[in-house]
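Below is one structure, written out as structure tokens, with a few remarks after it.
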Amino acid sequence: MKQKEDSQVDLKVQPSTKGTEELTRGVRIFRIAFACLATIFAVCIIVQIFIAGLAVFVSPVNWMRHRMFAHLFNALPLIMLILSFVGRLPRKISWKSFGLFVLMYTMYITANITVILPFAAAVHPLIAMLLFWVSISIVMKAWSLAIKRIR
325 MKQKEDSQVD
335 LKVQPSTKGT
345 EELTRGVRIF
355 RIAFACLATI
365 FAVCIIVQIF
375 IAGLAVFVSP
385 VNWMRHRMFA
395 HLFNALPLIM
405 LILSFVGRLP
415 RKISWKSFGL
425 FVLMYTMYIT
435 ANITVILPFA
445 AAVHPLIAML
455 LFWVSISIVM
465 KAWSLAIKRI
475 R
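If you're matching positions, the sequence shown starts at 325 in the numbering used here and goes up one per residue.
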């Protein structure tokens, strides 16, 4: 019975005697997983922008690659949002993860509504810049929290 109780406690944040919170091994694992996914997402955004540049400056054939590559990582913000709660990350990171989720689907909207609203195409690269900025800010904070040792 003692062993079962210990394994259940592993995923929780345990209060310490100093008034701060000690992170358990399970929470740290989720924080590291979050930081890894955030890094992968940021790299995907950089690659996606590069592919768009190839489509503009090298060959329009790359637009298909640009379109298809987005489908490979569009679920990452939702997974990051879930991990932000499981990893007990600060609410600010959870909100930013939600923001990435919203921005990703706004990208789909601006890419597909250009026939009806042509100016929406101009918003598309601006959203890409926001995705890059928010993802980099999440990566920096997530890694600092993932490797942080609370005494």
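All C-beta atoms in this analysis are idealised placements derived from N, C-alpha and C, irrespective of residue type, glycine included.
Quantities reported herein were computed from a predicted structural model and do not represent experimental measurements.
Own chain, CB closer than 6 Å to residue i, minus 5 neighbours either side, in chain order
| i | result |
| --- | --- |
| residue 359 | 466, 467, 470 |
| residue 430 | 451 |
| residue 331 | With a pLDDT of only 46 at residue 331, under 50, the local geometry of the prediction cannot be trusted, and the value read off the model is given with reservation. Cβ within range, chain order: n/a, list empty. |
| residue 447 | 434 |
Reduced DSSP category for residue i - H, G, I as helix; E, B as strand; rest coil
| i | result |
| --- | --- |
| residue 416 | helix |
| residue 449 | helix |
| residue 475 | Since pLDDT at residue 475 reaches only 42, below the 50 mark, its modelled position is unreliable, and the value read off the structure follows with that caveat. If DSSP states are grouped into helix, strand and coil, residue 475 belongs with coil. |
| residue 459 | helix |
| residue 384 | coil |
| residue 282 | In the structure displayed, the chain extends from 325 to 475; residue 282 sits before or after that span and is not available. |
| residue 441 | coil |
| residue 377 | helix |
| residue 423 | helix |
| residue 399 | coil |
| residue 354 | helix |
Beta carbon of residue i nearer than 8 Å to that of residue j
| i | j | result |
| --- | --- | --- |
| residue 413 | residue 355 | yes |
| residue 376 | residue 390 | yes |
| residue 378 | residue 386 | yes |
| residue 449 | residue 428 | no |
| residue 407 | residue 444 | no |
Residues near residue i in its chain [Cβ-Cβ closer than 7 Å; skip 5 each side]
| i | result |
| --- | --- |
| residue 405 | 418, 421, 422, 425 |
| residue 459 | 362, 365, 366, 369, 424 |
| residue 372 | 390, 393, 394 |
| residue 410 | 354 |
| residue 380 | none |
Inset, instruction - Say whether the stretch 432 to 444 touches the stretch 399 to 418, bearing in mind that this needs 3 or more beta-carbon pairs closer than 8 Å, one atom from each stretch. - result: No contact exists between the stretch 432 to 444 and the stretch 399 to 418.
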